[in-house]
Every structure is written in C-alpha cells, then in structure tokens.
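Engineer: Order-wise, the sequence lines are chains P and X. Each residue of the first sequence is one higher than the one before, counting from 0 in numbering that gives the first Met the number 0. Each residue of the second sequence is one higher than the one before, counting from 0 in numbering that gives the first Met the number 0. One structure follows; several queries about it will come next.
There are 2 protein chains.
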Amino acid sequence: MAAASIKEVAQHAGVSLGTVSNVLNRPEMVAEGTRQRVLDAIAALGYVRNDTARHLRAGRSRTVAIVVLDVANPFFTDVVRGAEQVIEAAGSMLVVCNSGEDSAREDRHLELLEEQRVGGILITPVADARQPVLHRLIERGIPVVLVDRGAGTASRCSVAVDDELGGRLAVGHLLERGHRRIAYLGGPFGIAQVADRYAGASAAAAGYPDAKLTVAETPNLTVASGRKAAQKLVTMPAAGRPTAIFCANDLLALGVLQEVTARDLRVPHDVAIVGYDDIEFAGAAAVPLSSVRQPREQLGRTAAELLLEEAREGADHQHRHVVFQPELVVRESSR
Amino acid sequence: MAAASIKEVAQHAGVSLGTVSNVLNRPEMVAEGTRQRVLDAIAALGYVRNDTARHLRAGRSRTVAIVVLDVANPFFTDVVRGAEQVIEAAGSMLVVCNSGEDSAREDRHLELLEEQRVGGILITPVADARQPVLHRLIERGIPVVLVDRGAGTASRCSVAVDDELGGRLAVGHLLERGHRRIAYLGGPFGIAQVADRYAGASAAAAGYPDAKLTVAETPNLTVASGRKAAQKLVTMPAAGRPTAIFCANDLLALGVLQEVTARDLRVPHDVAIVGYDDIEFAGAAAVPLSSVRQPREQLGRTAAELLLEEAREGADHQHRHVVFQPELVVRESSR
DNA sequence: TGCTGGTGCTGAAACGTTTCATTAACTCTG
DNA sequence: CAGAGTTAATGAAACGTTTCAGCACCAGCA
C-alpha cells in the first residue's frame with residue numbers, strides 16, 4: 000500500500016541505498032549483475048520515484064508553469080499546446096494556471112509557484128504594471144519568459160507578436176474599404192496588447208484626416224463583454240454610429256457579431272467587424288470573421304524553448320526577445 | 000539571492016527552528032512578542048516557505064491535477080474553470096494536463112503525477128479500457144475522480160452527464176422532424192462518451208422501423224476531423240446521403256458545418272446538424288448549432304468537491320456517483 | 001613483494017520542513 | 001514553600017532523495 004522507498008528497494012536487493020540511486024541515475028556506473036538485481040527489486044516492490052524528495056535535494060523543480068489570462072480563450076489554449084510540445088519533449092511537466100485577467104489571482108498563483116520552487120514561468124501578465132512582481136521572482140532565480148509581450152527590460156526573455164503592426168493592418172484595411180467612423184473595442188488598457196493594438200490603430204487612422212477613431216473600453220476580453228458593448232453601439236442613431244468595429248480579440252468580435260445580427264443589422268453592410276487572433280472559430284462564425292492572425296502555437300513553442308535554454312545556460316544566459324509578424328486575414332465580416 | 004530557509008529566520012529572530020514553524024502553522028501557540036519577532040525576521044529576509052520540503056514531510060502534496068482529453072476544446076476549458084473555483088477556494092492548486100486523446104501521453108502524465116505524489120486526480124480517461132491504470136493509482140492511495148464518466152465500479156467517485164439520454168434527445172428530435180436517414184459522427188468508440196451517445200441514438204432510432212442510423216467513425220473529436228468526415232458525406236449521391244448528422248461533440252459539428260456550407264449545401268434544408276456540449280461558439284456559428292447542453296462548469300465543480308471530500312474523509316469515505324441530466328437546445332441547424 | 005590505478009560499492013551528509021517528546025520557567029494551590 | 005500544573009520554547013528525528021568522499025578488492029607492473 001504505502002509506496003516503497005529507495006531504502007526498501009536497497010534492502011530487498013541486498014545493496015546499499017546509494018547503489019540504487021546510481022542504478023536510477025547513472026546505470027553505467029553499476030556492474031551488470033547488481034544492476035539487474037536492483038531492477039528486479041524495483042519491479043517486485045512497484046517502486047515509484049518520489050519527485051518531491053528529489054527536488055528538495057535539487058533545490059528546484061523540473062516542472063514549468065504557464066500563467067495565462069484566460070484558459071477558455073482559444074488563443075491561449077493554442078499557446079499552451081505549443082509550449083506543451085516543447086516542455087514534454089524535454090521530459091518536464093507543464094502546469095497551466097489561469098489568472099482570469101485578475102491580478103489578485105495572478106499574485107496568488109505566482110506565490111504558490113514560488114513556494115513550489117518551479118523551474119520556470121511563462122506568463123502573460125494581467126497588466127503591464129506587474130513588472131515589479133515578476134522582477135522579484137527573477138531575483139529569486141526563477142527564470143521568467145514573457146509571452147505575447149514585447150521587449151521592455153533586459154532582465155528576461157520574451158516572445159511577442161508586433162501588436163502595433165496588427166492594429167495598423169486591421170484599421171488600415173478598414174480605411175481602405177472606405178470606413179471613416181471606426182470604433183476600437185477592447186480593454187482594460189492596462190493589458191499591453193490592448194494598448195498596443197490601439198496604438199497601431201491610431202497610427203493608421205492618423206494617415207486619413209477625415210477618419211475618426213473612437214474607443215469603447217471593455218472590462219475584459221470575453222464574448223459576453225463584446226455582446227454588452229455592442230448593445231450600446233447598436234442603439235446609436237445610424238448617422239453617428241461607427242461603420243466598422245475593430246476588436247482587440249476574437250472573443251469580443253464574436254460577441255459583437257452575435258448582438259449585431261440579433262438586432263437585424265447586417266455585417267458587413269451596416270457594420271464591418273475585424274477581430275484579432277484568428278482563433279479556429281473565427282472562420283466558422285455566422286459571418287466569417289476577418290481577423291489578425293498570430294502564430295499561436297509557435298509563440299508557445301518559442302517561449303518554452305527560451306525558458307529551457309535559460310534554465311540550461313544558467314548565469315551566463317543572454318536574454319532574447321523574439322518578435323513575430325501578424326498577418327491580416329480578410330473574410331466576409333469586412334468585405 | 001538564495002531563498003532563505005526557516006533556519007535562517009530562526010537565527011535572525013533569535014529563536015529555535017521549531018518556533019518559527021509554530022508561528023507559521025499554529026501561531027496561537029506562540030507568545031505575542033516572540034511571534035512578532037519571528038514575523039519581522041520573515042519580512043526582513045523575504046522568506047518564502049518551501050512547499051517541496053513541506054510536502055516531503057507530509058507525504059502527499061496539496062496540489063490536485065485534472066487530466067483532460069483536449070485543452071483546446073471549450074467543453075473541457077469550462078470544466079477546468081469549474082474545478083478551479085473549488086480547488087482554489089480550498090487553497091490548493093489545480094494543474095491542468097492534456098492527454099490529447101492519446102493514451103501514451105495520458106500514461107506519461109499519470110506517471111509524473113504519481114511521482115509527484117499529487118493529492119488527487121480528476122480525469123476523463125482516453126478510453127474505457129484504462130481503468131486498470133487508474134486502479135493502480137487508487138491502490139497507491141491517490142484519490143481519483145472520474146469526470147464525465149458514469150458509475151462503473153465502486154472504487155472511486157465520478158461525475159457524469161447521462162450521455163445515453165443526450166443521444167436519445169438529439170436523435171429523437173431529428174426523427175420527430177421527419178429525418179429517416181441519420182448519420183452518427185464520432186470516435187473513437189473507446190471513449191465512453193462516444194459509445195454512450197451512440198447507444199442513446201440507437202435506442203431512439205429503434206422506435207422508428209423505417210429509420211436508418213449509420214455510423215461514421217472519426218479518429219478524434221476535433222474540427223478538422225469533422226471537416227474531413229463531412230467531405231465523404233457530401234460527395235455521396237443525394238438519394239442515399241443522410242439528411243441529418245448527429246455529432247458526438249460540437250467541434251465535429253462545427254467542422255461538418257464549415258465543410259457542408261463550403262460545398263453549397265444548405266443547413267438545415269439539405270442536411271440538418273445536431274452537436275453535443277453546447278459550447279459558447281455553437282450559438283455563434285454560421286448556422287447556429289443545435290446541441291445537447293451539459294452543465295460544464297458544474298461538472299468540474301462537483302468533481303473537485305468530491306475529490307476534496309475524499310481527501311478529507313480518508314479511509315472511511317463513501318464513493319459517490321453524481322449524474323446530471325443533459326438538455327437539448329434546438330437552434331437553426333436542425334429547424 | 002609492494003605500489004599504483006581502477007572499479008564497484010558503501011555510508012553519511014544535506015536539502016527544508018513538521019512534529020513531538022522534553023525541558024525550562026512560571027503560577028497556583030494547599 | 002514544596003509540588004502540581006500550565007505555558008512557551010527547544011532540539012532532534014523523520015520524510016526520500018542525491019552526492020561525494022572513502023573503502024575494499026583486484027589486476028598489472030616493476
């Protein structure tokens with residue numbers, strides 16, 4: 000019943016405790032016969048290594064954590080899948096934590112992760128202002144890689160997609176199609192991606208003196224928020240209402256789309272919509288959604304690789320910042 | 000730099016090591032003044048408790064794992080969110096593992112979790128045949144709760160939704176609407192849910208002697224599989240082609256929908272579709288999808304509660320099996 | 001024969017907690 | 001004021017590993 004320990008295995012095989020450990024960790028150092036005897040004992044007792052003890056000794060765990068803004072957002076699940084591939088291939092374990100865009104929950108997770116002395120953390124922080132908290136972890140010697148967030152400081156690696164470019168692409172496209180009253184929907188602006196995409200949108204609009212870019216801030220980036228925000232827009236008099244909406248992510252866009260079509264407005268005729276992330280469901284929406292595509296799994300893979308690299312290299316690791324280019328996918332919702 | 004240990008805190012506060020531990024775990028046993036001195040030392044040194052050591056001593060960790068078939072499936076992310084709520088409220092941590100419907104990966108995860116001596120496991124197994132592996136864990140004293148999977152044995156708790164009823168509801172509805180050539184799309188049948196939903200579908204069809212229920216087995220339950228399967232159905236001569244498709248989950252259904260509309264067949268006129276799970280995106284699809292709704296978050300919450308209950312009660316715990324009722328949501332895709 | 005160098009194994013220390021039997025110092029009580 | 005009882009703090013053991021210095025033994029060599 001109770002799990003057997005190395006000591007019992009040693010006893011059963013008639014060798015010392017250190018020898019069993021050697022069989023487990025450097026089998027080539029143990030004579031053939033002894034090794035076999037130990038392996039037999041392990042099988043007989045159903046011994047399973049105790050990772051807790053192992054990592055206590057090692058001082059740091061091999062498991063790696065990823066903290067995302069929303070597990071239910073397909074964008075992040077794809078990032079997670081990418082990271083998983085790399086981490087699992089390295090024989091480690093990836094634990095997924097969900098901050099739900101709530102900094103208290105993010106804090107709580109980071110605390111627990113620090114207590115667990117995890118081997119590293121991939122994170123998309125709830126707000127740009129959270130850098131100090133992350134710094135503390137870095138000072139403690141826990142490697143941190145920022146996901147979907149640009150350079151900034153030199154104290155950690157990061158992978159990101161050029162969000163400003165994404166914003167420019169999206170709004171540039173809408174402007175080219177003749178839209179002049181455009182709304183940017185997203186929030187909170189404390190999230191760097193939300194702010195950067197807006198910056199790009201602004202930059203694009205600046206090139207058209209007659210264009211007007213308004214902002215509707217949302218409390219988060221969910222379908223429900225999109226629906227709610229759309230209710231306001233929809234009830235505006237048609238003359239002042241924006242003719243196009245650029246949403247900070249696809250969940251918002253899908254919410255807007257649902258609400259708008261429920262109110263008998265036509266997309267894109269009455270209002271065009273462009274989303275962001277190009278999640279799998281964007282193309283399958285009631286009106287297939289134009290969206291800014293990001294290399295989601297790639298993002299996760301690269302982040303995980305940077306983390307492993309850092310863990311391997313230790314002190315003389317050079318922090319790197321990888322930036323990917325987004326790509327606009329035009330579909331019916333803006334055509 | 001290096002994290003301070005209890006020993007250093009004790010030194011700094013001028014007390015013994017045991018006293019610091021008491022401050023941390025039973026503060027009421029320590030005199031006011033001493034306690035304050037220790038707390039000050041903790042703050043001064045930035046001490047963070049080492050969970051690894053703690054759990055080595057305790058023999059079992061407080062963290063709990065959930066192993067799902069597909070992190071990218073919104074059904075599971077909702078289950079995860081439900082479980083999260085309960086586990087976090089209890090001060091523990093939930094780690095999410097993704098088996099990707101692959102039993103080798105599932106095995107690997109379970110091995111690692113066993114090595115980590117986790118406090119418990121919530122799991123939707125890759126196949127019904129995996130019971131023996133789970134049994135081993137249970138014998139080791141790790142509580143296991145089956146998620147989305149019915150009674151079976153008495154050796155563990157489970158939460159489930161009545162999948163047979165779900166299948167009956169879906170196909171019963173299609174039959175009532177006059178469909179007589181119905182395809183069931185899903186797989187692999189080793190997954191209990193896939194088999195049970197089919198059983199329900201069969202039972203419903205049995206009541207209509209002129210009805211014909213065919214099966215198209217898929218290798219997994221993803222959008223891509225749905226699209227691929229639909230390609231075959233679509234190219235059949237209209238006379239023999241099923242007039243309705245019941246899919247084992249919504250991802251498949253969305254895939255079918257995409258492919259079918261791309262081929263200029265109309266839904267539901269040329270072919271009706273009913274999905275399963277009623278994920279958030281089902282209602283927002285090109286043609287809003289009829290689906291069998293399950294209480295997803297509730298499922299996760301209840302599973303987590305059963306697990307905590309079992310962990311609390313220890314040996315004299317009575318295993319329980321909770322079964323929820325599904326509900327058919329009829330939308331345009333079958334109307 | 002005595003030395004040198006391997007090889008294969010042992011035994012103990014260390015990782016950072018928690019727990020528990022002891023001890024030390026007081027406060028009552030009769 | 002001796003003894004009992006209470007309270008607060010101590011110190012050591014234990015959890016299951018990994019690591020490393022050291023020991024025993026043997027082969028090869030001069």
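Where a beta carbon is used, it is the ideal one built from N, C-alpha and C, also for glycine.
1. For glycine 313(X), which of helix, strand or coil comes out of DSSP?
2. Three or more beta-carbon pairs under 8 Å between the region 311-327 of chain P and the region 6-23 of chain X, yes or no?
3. Rounded to whole angstroms, what's the CA-CA distance from valine 95(P) to leucine 109(P)? Just pull it up for me.
4. Helix, strand or coil for leucine 288(X), going by three-state DSSP, please let me know.
5. Does the CB of methionine 28(P) have a neighbour CB from chain X at under 7 Å?
6. Give me the DSSP bridge partner(s) of phenylalanine 245(X).
7. With DSSP collapsed to three states, give me the class of leucine 16(P).
8. What residues in the region 255-266 of chain X bring their beta carbon closer than 8 Å to a beta carbon of chain P?
9. Pull up the DSSP beta-bridge partners for threonine 213(P), would you.
10. Which residues does DSSP list as the beta-bridge partners of glycine 119(P)?
11. So which of Arg155(X), Tyr207(X), Asp161(X) and Glu27(X) has the shortest CA-CA distance to glutamine 293(X)?
12. Any idea if threonine 76(X) is buried or exposed, counting beta-carbon neighbours within 10 angstroms, 16 or more meaning buried?
13. Take arginine 59(P) and list the residues in its own chain whose beta-carbon comes closer than 7 Å to its own, dropping the five residues that flank it on each side.
14. Rank Ser201(P), Arg155(P) and Asp269(P) by C-alpha distance to the C-alpha of alanine 310(P) and give the top, closest one.
15. Could you check whether threonine 123(X) and leucine 164(X) sit closer than 7 Å to each other, using their CB atoms as the reference points?
16. By how many angstroms is the C-alpha of isoleucine 244(X) removed from the C-alpha of aspartate 263(P)?
17. Quick test of the definition: if touching needs 3 or more C-beta pairs under 8 Å, does the region 225-237 of chain X touch the region 172-180 of chain X?
18. Taking only runs that begin and end inside the region 120-172 of chain X, name each unbroken alpha helix (DSSP H) of 4 or more residues, in chain order.
19. Roughly how many whole angstroms lie between the Cα atoms of glycine 254(P) and histidine 320(P)?
20. Could you confirm whether any beta carbon from chain P is found closer than 7 Å to the beta carbon of methionine 92(X)?
21. At the level of alpha carbons, what is the spacing between arginine 265(X) and serine 289(X)?
22. I need the boundaries of the beta strand (DSSP E) containing histidine 320(X), first residue and last residue.
23. Just verifying my parser: in three-state terms, what is the DSSP assignment at asparagine 72(P)?
24. Taking C-beta pairs closer than 7 Å, name the residues in chain P that valine 70(X) reaches, listed in chain order.
25. Only counting the same chain, and skipping five residues up and downstream in sequence, which positions put a Cβ closer than 6 Å to that of leucine 184(P)?
26. Given a limit of 9 Å on CB to CB distance, which residues of the region 108-126 of chain X reach chain P?
27. What residues of chain P sit near threonine 51(X), judged by a beta carbon separation below 8 Å?
28. For aspartate 315(X), count the other beta carbons within 10 Å of its own beta carbon; 16 or more makes it buried, fewer makes it exposed. Which is it?
29. What number of angstroms, rounded off, separates the C-alpha of glycine 189(X) from the C-alpha of aspartate 127(X)?
30. Leaving out five residues before and five after alanine 284(X) in sequence, what residues of the same chain have Cβ atoms less than 7 Å from its Cβ?
31. Do alanine 3(X) and leucine 44(X) have their C-beta atoms closer together than 7 Å?
32. Indicate whether asparagine 248(P) and glutamate 100(P) have their beta-carbon atoms separated by less than 7 Å.
33. Would you tell me roughly how many angstroms separate the C-alpha atoms of tyrosine 275(X) and glutamine 192(X), rounded to the nearest one?
34. Please report the residue range of the alpha helix (DSSP H) in which glutamate 326(P) lies.
35. Taking all protein chains shown into account, decide if methionine 0(P) is buried (16 or more other Cβ within 10 angstroms of its Cβ) or exposed.
36. If leucine 93(X) and isoleucine 120(X) are in contact, beta carbons under 8 Å, what's the gap, nearest whole angstrom?
Structural biologist: By the coordinates alone:
1. What you label residue 313(X) is simply residue 314 of the second sequence in a count that begins at 1. Residue state, collapsed to three classes: helix.
2. no
3. Here the question's residue 95(P) lines up with position 96 in the first sequence. Here the question's residue 109(P) lines up with position 110 in the first sequence. Those two C-alpha atoms are separated by around 12 Å.
4. Locating residue 288(X) in the second sequence gives position 289, where the first residue counts as 1. Reduced to three states, the DSSP call for leucine 288(X) is coil.
5. To locate residue 28(P), count along the first sequence from 1; it is residue 29. With 7 Å as the cut-off, methionine 28(P) does not count as an interface residue toward chain X.
6. As a working mapping, residue 245(X) is identified with position 246 in the second sequence. Per DSSP, Tyr183(X) and Val273(X).
7. Taking the first residue of the first sequence as position 1, residue 16(P) is located at position 17. Helix, per DSSP.
8. Leu256 and Gln257
9. On the first sequence, position 214 is the one that residue 213(P) refers to. DSSP lists Ala182(P) as partners of threonine 213(P).
10. Residue mapping note: residue 119(P) aligns to position 120 of the first sequence, counting from 1. The partner list for glycine 119(P) (beta bridge, DSSP) reads Val63(P).
11. Residue 293(X) sits at position 294 when you count from the first residue of the second sequence. Of the candidates Arg155(X), Tyr207(X), Asp161(X) and Glu27(X), the one whose C-alpha sits nearest the C-alpha of glutamine 293(X) is Asp161(X).
12. By 1-based counting over the second sequence, the position of residue 76(X) is 77. So threonine 76(X) counts as buried.
13. Residue mapping note: residue 59(P) aligns to position 60 of the first sequence, counting from 1. Contacts found: Arg116 and Gly118.
14. Counted from its first residue, the first sequence places residue 310(P) at position 311. The candidate whose alpha carbon is nearest that of alanine 310(P) is Arg155(P).
15. The residue labelled residue 164(X) in the question sits at position 165 within the second sequence. The residue labelled residue 123(X) in the question sits at position 124 within the second sequence. No. Outside cutoff.
16. The residue labelled residue 263(P) in the question sits at position 264 within the first sequence. The residue labelled residue 244(X) in the question sits at position 245 within the second sequence. Looking at the two C-alpha atoms, the distance is approximately 29 Å.
17. no
18. 130-138
19. The residue labelled residue 254(P) in the question sits at position 255 within the first sequence. The residue labelled residue 320(P) in the question sits at position 321 within the first sequence. Their Cα atoms are separated by approximately 33 Å.
20. Reading the second sequence from its first residue, position 93 is the one you call residue 92(X). Output row for methionine 92(X): interface = yes.
21. By one-based count along the second sequence, residue 265(X) stands at place 266. By one-based count along the second sequence, residue 289(X) stands at place 290. So the two alpha carbons sit approximately 15 Å from each other.
22. As a first step, residue 320(X) must be located in the second sequence, where it is residue number 321. Per DSSP, histidine 320(X) belongs to the beta strand (DSSP E) from 320-323.
23. The count along the first sequence starts at 1 and reaches residue 72(P) at position 73. Here asparagine 72(P) sits in coil by DSSP.
24. Here residue 70(X) is taken as the residue at index 71 of the second sequence, counted from 1. Within chain P, the residues near valine 70(X) are Thr76, Val79 and Arg80.
25. As a working note, residue 184(P) is residue 185 in the first sequence. Excluding sequence neighbours, leucine 184(P) sits near Ala215, Ala228, Ile244, Cys246 and Leu251.
26. His108, Glu110, Leu111, Leu112, Glu113, Glu114, Gln115 and Arg116
27. Locating residue 51(X) in the second sequence gives position 52, where the first residue counts as 1. Those are Thr51, His54, Leu55, Ser60, Gln115 and Arg116, listed as they occur along chain P.
28. Locating residue 315(X) in the second sequence gives position 316, counting from the first residue. So aspartate 315(X) ends up on the exposed side.
29. For the purposes of this step, residue 189(X) is taken as the residue at position 190 of the second sequence. For the purposes of this step, residue 127(X) is taken as the residue at position 128 of the second sequence. Going by the C-alpha atoms only, they are around 6 Å apart.
30. As a first step, residue 284(X) must be located in the second sequence, where it is residue number 285. The answer, listed in chain order, is Leu253 and Leu256.
31. Position 4 of the second sequence holds residue 3(X). Position 45 of the second sequence holds residue 44(X). Yes, they are a contact pair.
32. Position 249 of the first sequence, counted from the first residue, corresponds to residue 248(P). Position 101 of the first sequence, counted from the first residue, corresponds to residue 100(P). No, Cβ-Cβ distance for asparagine 248(P) and glutamate 100(P) is not below 7 Å.
33. Indexing the second sequence from 1 puts residue 275(X) at position 276. Indexing the second sequence from 1 puts residue 192(X) at position 193. Spanning the two alpha carbons is a distance of roughly 11 Å.
34. Within the first sequence, numbered from 1, the residue matching residue 326(P) stands at position 327. Premise fails: glutamate 326(P) lies in the beta strand (DSSP E), 326-328, not in any alpha helix (DSSP H).
35. Locating residue 0(P) in the first sequence gives position 1, counting from the first residue. In this prediction, methionine 0(P) has a pLDDT of 49, which is less than 50 and means its spatial position is unreliable; nothing more can be read from the coordinates.
36. Against the second sequence, residue 93(X) aligns to sequence position 94. Against the second sequence, residue 120(X) aligns to sequence position 121. That belief does not hold up - the Cβ atoms of leucine 93(X) and isoleucine 120(X) are roughly 11 Å apart, past 8 Å.
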